[in-house]
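Visitor:
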């Protein structure tokens, strides 16, 4: 599994918003400038995050974006599922019900299920707040 720039940039965008949580809305221009990410690229990411309920948007003079929930309630897993789709290591695990005709006799299915569970558990255990806390502890920045 490889996380695309879409997933990495979405995470950077949301960490930027987490830094400003409970303040005013932040414009894409500000995020773009602070993170060194093209505004046009961020515009492609926003609909995915908005649809998944991660972002709150406000149009107009004081418009922009903010997190829809506190940083400690938004996980890296939430962000990556919104931008990457399934994080399953094999296509037969993309959905809750495995419809693969070979599932009953697949000798390696348990390997892929274990990997999928491990990845999901790990990504779901890290929140945006955890990343902010880690960065402020002097353990590095949040370069992704």
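Residue numbers (the numbering used here): 18 to 161.
Ideal Cβ positions, reconstructed from N, Cα and C, are used throughout, including at glycine.
1. Give the C-beta separation of residue 30 and residue 59 to the nearest angstrom, bearing in mind that I take them to be a contact with Cβ-Cβ under 8 Å.
2. In the DSSP assignment, the beta strand (DSSP E) including residue 73 goes from what residue to what residue?
3. Are the beta-carbon atoms of residue 144 and residue 91 separated by less than 8 Å?
4. Could you give the residue range of the beta strand (DSSP E) that holds residue 81?
5. Quick one: grab the DSSP three-state call for residue 116.
6. Along the chain, where does the alpha helix (DSSP H) containing residue 122 start, and where does it finish?
7. My understanding is that residue 42 touches residue 70, with C-beta atoms under 8 Å, so please give their C-beta distance in whole angstroms.
8. Rounded to whole angstroms, what is the Cα-Cα separation between residue 121 and residue 113?
9. Across which residues does DSSP place residue 43 in a beta bridge pair?
10. Do residue 66 and residue 94 have their beta-carbon atoms positioned less than 8 Å apart in this structure?
11. Tell me whether residue 87 is buried or exposed, calling it buried when 16 or more other Cβ atoms sit within 10 Å of its Cβ.
12. So if DSSP puts residue 144 in a beta bridge, which residue, or which two residues, is it bridged to?
Guide: In this structure, then:
1. Going by Cβ atoms, the distance from residue 30 to residue 59 rounds to 6 Å, so yes, they are a contact pair.
2. Note, residue 73: beta strand (DSSP E), 72-75.
3. Yes, these two residues count as a Cβ contact at 8 Å.
4. 81-84
5. Reduced to three states, the DSSP call for residue 116 is coil.
6. Note, residue 122: premise wrong, no alpha helix (DSSP H); not H, not E.
7. Not a contact, Cβ separation roughly 17 Å.
8. 16 Å
9. 82
10. no
11. exposed
12. 92
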